[in-house]
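Read through the structure below, which is laid out as structure tokens, and then see the notes.
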Amino acid sequence: MRRSIYNKSLLLTSLLLGMILSSCEKFLPEDRDSLEVEARFTQTDYEPILGRYNWIRNNFSTANSTLPLQFRLTNVRRFDGEPATELTQKYPVKVWKELYTGLETSLAEIESKRVTEYRSLLEIGESNGSILFWPSGKSSFVKNQPDSGYMFDVEVSNSGGRKYFRDLRLKPFKERPYAPINMNAVSGLITNPYLSPTVYNMVGDRGGYLFSGDIRVSITKDEDDKLGGNTLTFRFVDSVGNNINPDKFNKTAWKYLVHGFDMEKTSEYVRYRVAYPIPLTEIPTWYTNGQGTAAHVSFMYERLGFGQMVTMGGMDFEFAIYEPGDWEIVFLFPRESPKFEDD
């Protein structure tokens, strides 16, 4: 009897507790996303270089906001307030649809991994706020420094609300078609056409050692694109203006020098068919520096020195080329040519 009364009491208590909890749930606040007051852009001025793919990331602090956030560009305008239609119009650009690895064996294979899409010059990452400026922008129609450039606003939102960030600045620099380059960033004038390689144990034909400052490197483009617009040529010139046979650099891995194809090696130059830009993407490959930001080439040679000791000499050079075309890199020895012959 007592057990029956106990069970009934327990059942009644459970029912009452369930009713109380159910009624309480009706008054619980709705679980909403938060958009923190402290959320902000950590970078508000952007200075992309025209003619390149510019991707500025990690430029927004979410604070403790609920993710994901949505970002949207608004009111893209020139500094004088006029609409910047040149930034919002769509232009053809090459976009990777498959991962570039550096192991591709032909130009056709590389190009099969890229497609042409039409994109606005200025875009924003819809989920992270990163700023993208595509290489189709040129100084012929995009305002560039010293002009004051452009301004734009960004709307950031989630289900908890929205915020507007006003008057972010965009001040592009003129094109720098290759790197390194000795150029005034604002005027676009070349201050020194010559660059220098890194030199290792190179002896001149007069007996002295050669240093980086003894070698002048120039990077030039054939504006007529007579070779089809997708070549890269290396040439070496001695102190009297004659071409040095590339075979003199007898320990150079010509096959793996650049990610190029259909190598043509003559007594005057070495030429490759290549895809631009160089490097194609910012990932380390056999052909780049450790960061993947530049192509890395080495020209090495071996000779017998005094005492019939085998000595290795040569030079390294890192570069990037951002415009397609027929480009040539020349290594000039203006004062003293390398000594390739044995002692």
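For the sequence shown, my numbering assigns the number 8 to the initial residue and increments by one for each residue that follows.
Ideal Cβ placement from N, Cα and C applies to all residues, glycine included.
**OP:** Assuming K258 and Y216 form a contact by the criterion Cβ under 8 Å, report the distance between their Cβ atoms to the nearest whole angstrom.
**Re:** No, K258 and Y216 are not in contact; Cβ-Cβ is about 18 Å, not under 8 Å.
Original post:
Just the Cα atoms here: how many angstroms apart are V281 and E335?
Top reply: It is roughly 12 Å from the alpha-carbon of V281 to the alpha-carbon of E335.
Original post:
Based on the DSSP secondary-structure assignment, which residues constitute the bridge partners of T69?
Top reply: BP columns for T69 are empty, so no partner.
Original post:
Alpha carbon to alpha carbon, what distance is there between F338 and R242?
Top reply: Put simply, the backbone Cα of R242 is about 6 Å away from that of F338.
Original post:
Considering T92, what are the terminal residues of the alpha helix (DSSP H) in which it resides?
Top reply: T92 -> alpha helix (DSSP H) spans T92 to T95.
Original post:
Distance, Cα to Cα, L101 vs D349?
Top reply: The sequence shown places Lys at residue 101, not Leu. Rounded to whole angstroms, the separation of the alpha carbons of D349 and K101 is 49 Å.
Original post:
Per the contact definition of three or more C-beta pairs closer than 8 Å, is the region 86-103 in contact with the region 201-218?
Top reply: No: fewer than three Cβ pairs fall under 8 Å.
Original post:
Excluding five sequence neighbours on each side, which residues of the same chain lie with their C-beta closer than 8 Å to the C-beta of E111?
Top reply: Excluding residues up to 5 positions away in sequence, I117, K120 and H266 lie with their Cβ nearer than 8 Å to the Cβ of E111 in the same chain.
Original post:
Tell me which same chain residues have a C-beta within less than 7 Å of the C-beta of N82, skipping the five on either side of it?
Top reply: Around N82: F159 and D160.
**OP:** Going by CA-CA distance only, name the one from D174, V277, N208 and F268 that's closest to A115.
**Re:** Nearest Cα to A115 within the set D174, V277, N208 and F268: F268.
Subject >> Selection from P55, V163, R310 and F306 that minimises the alpha carbon distance to R176 >> reply: For R176, the nearest C-alpha among the options comes from P55.
Subject >> Segment limits, beta strand (DSSP E) that includes L177 >> reply: Counting along the chain, the beta strand (DSSP E) containing L177 begins and ends at G168 to L177.
Subject >> Residues of its chain near R79, where Cβ-Cβ distance is below 6 Å and the 5 sequence neighbours each way are ignored >> reply: So the list reads E162, once near-sequence residues are dropped.
**OP:** Verify whether the separation of the beta carbon atoms of E133 and Q77 is less than 8 Å.
**Re:** It is a contact, given that the beta carbons lie within the stated cut-off.
Original post:
The beta strand (DSSP E) with L339 in it runs from where to where?
Top reply: Looking at the DSSP string, the run of the beta strand (DSSP E) that includes L339 is G332 to L339.
Subject >> Under the three-state DSSP convention, the category S219 falls into >> reply: Three-state result, S219: helix.
Original post:
With 16 as the cutoff for other CB atoms within 10 Å, does D221 come out buried or exposed?
Top reply: Label assigned to D221: buried.
**OP:** Put D349 into one of helix, strand or coil per three-state DSSP.
**Re:** DSSP places D349 in coil when its eight states are reduced to three.
Subject >> Same chain, Cβ closer than 7 Å to W62, five either side skipped, listed in chain order >> reply: S137 and L139, listed in sequence order.
**OP:** May I ask you to report which of helix, strand or coil DSSP gives D254?
**Re:** Annotated three-state conformation of D254 is helix, per DSSP.
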